[in-house]
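Take a look at the structure below.
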Amino acid sequence: GAVGAVVCILVIGLIVWRCRGKPYAYSRVSHELDPEEREFKKTLEMQGDDLDFLTLDDALDDDALRFDASELSQLDALEAYRRNLVSEADGVLNEPEANGAKAAAPEAGGDGEEEEAV
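For what it's worth, the working numbering labels the leading residue of the sequence shown as 154, then goes sequentially.
And the structure:
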């Protein structure tokens, strides 16, 4: 009993000593911009007026965001393809139900004779 307690205390002491003995050196992170980042920031600040087209009001009025005829035809083709896939998937999903209903009907009716309740 006493030997076990001494061993437990020594093991716990060893674990604490090993954890505290390791130096965890955290390096400070520099929050300053390096020269390349400062140059990029200056470039963005100088071009700040050129980025006004990104506002929502201007984007809603911009004709460049509207689809042209070829893009509309591509969208129509994609929509037709999607409808075709959906209808095929519906057909595949409905086929097992129809076959299952046909197969279940003879089993449910048996051989045409009704059983009496006992």
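Just so you know, even glycine gets a beta-carbon here, dropped at the ideal spot from N, CA and C.
Rounded to whole angstroms, the separation of the alpha carbons of aspartate 187 and serine 223 is 47 Å.
Assigned with DSSP and collapsed to three states, tyrosine 234 falls in helix. In the structure shown, serine 180 falls within a coil segment according to DSSP collapsed to helix, strand and coil. Per DSSP, the unbroken alpha helix (DSSP H) holding glutamate 190 starts and ends at 188–199.
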